[in-house]
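*Asks:* For the sequence shown, this note's numbering assigns the number 266 to the initial residue and increments by one for each residue that follows.
Virtual Cβ for every residue (Gly too), placed ideally from N, Cα, C.
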Amino acid sequence: MKTYRVERAVPSDLDRIENLLREAGLPTKGVSPLIARFAVVREEGQVVAAGVIEPLDGAALLRSVVVDATRRGQGLGQVVVNHLVSEADVPIFLLTETAPAFFASLGFEHLPRSRAPEAVRHTQEYCSLCAESAALMWRSGHANNDQPHS
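1. Could you check which residue in K294, E319 and L291 has the C-alpha nearest to that of A304?
2. Here's a check: name, in chain order, each residue in its chain whose Cβ is nearer than 7 Å to the Cβ of A289, leaving out the five neighbours to either side.
3. DSSP three-state label for R270, please.
4. Looking only at C-alpha atoms, which of D354, V312, P377 and E374 sits nearest to A325?
5. Taking the C-alpha atoms as reference points, what is the distance between V344 and S379?
6. To which residues of the same chain is A399 closer than 7 Å at the C-beta, ignoring the five residues directly before and after it?
7. Taking the alpha carbon of K267 as the point to measure from, which residue in E308, V385 and L327 has its own alpha carbon closest?
8. Span of the alpha helix (DSSP H) holding V346?
9. Using the Cα positions of G372 and E352, report the straight-line distance between them to the nearest angstrom.
Dropping the structure here:
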């Protein structure tokens, strides 16, 4: 199995990441200010997978996890998510309409939206970018085993 190196995005990666997100039908709003926080996997210098953890008050929001359509099914999404989770020290939340099984396989658990922490409820994703039908999921960060609280 190939080993992938995860690194921080640079400002010139923004267009590529936004294009990957659009191609996957994911929102690009709010991505630009987070570009320096993105974790990316490159192949031949081009970003083929990316994701970011948006810091919140006492929590974090995993968002914008995307893999180039030609590279899906090769474990790149898992590599990015595991890297991001390993760096987090607060509970991590996410909203997904299309990939709850993928995130469950990485240790994320479903959580009723009514139990979303206040910090998550105030994000663009929770308020407007993701449909109300999007699954809310959570897991502890690498160094944190706390239960979610509202």
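*Replies:* By the coordinates alone:
1. To locate residue 304, count along the sequence shown from 1; it is residue 39. Of the candidates K294, E319 and L291, the one whose C-alpha sits nearest the C-alpha of A304 is E319.
2. As a first step, residue 289 is located in the sequence shown; it is residue number 24 there, counting from the start. The beta carbon of A289 is closer than 7 Å to those of V331 in its chain, skipping five residues each way along the sequence.
3. Translated into positions along the sequence shown, residue 270 becomes position 5. In the structure shown, R270 sits in coil (DSSP, three-state: anything other than H, G, I, E or B).
4. Taking the first residue of the sequence shown as position 1, residue 325 is located at position 60. Measuring from the Cα of A325, the nearest candidate turns out to be D354.
5. Position 79 of the sequence shown holds residue 344. Position 114 of the sequence shown holds residue 379. Answer to the nearest angstrom: the Cα atoms are 30 Å apart.
6. Position 134 of the sequence shown holds residue 399. Leaving aside the five residues that flank A399 on each side, the residues in its chain whose CB is nearer than 7 Å to its CB run, in chain order, L360, T361 and E362.
7. Sequence index remark: in the sequence shown, residue 267 carries index 2 (1-based). Comparing Cα positions, the closest option is E308.
8. Against the sequence shown, residue 346 aligns to sequence position 81. Its alpha helix (DSSP H) spans residues L341 to E352.
9. The residue given as residue 372 occupies position 107 in the sequence shown. The residue given as residue 352 occupies position 87 in the sequence shown. Roughly 15 Å between the two C-alpha positions.
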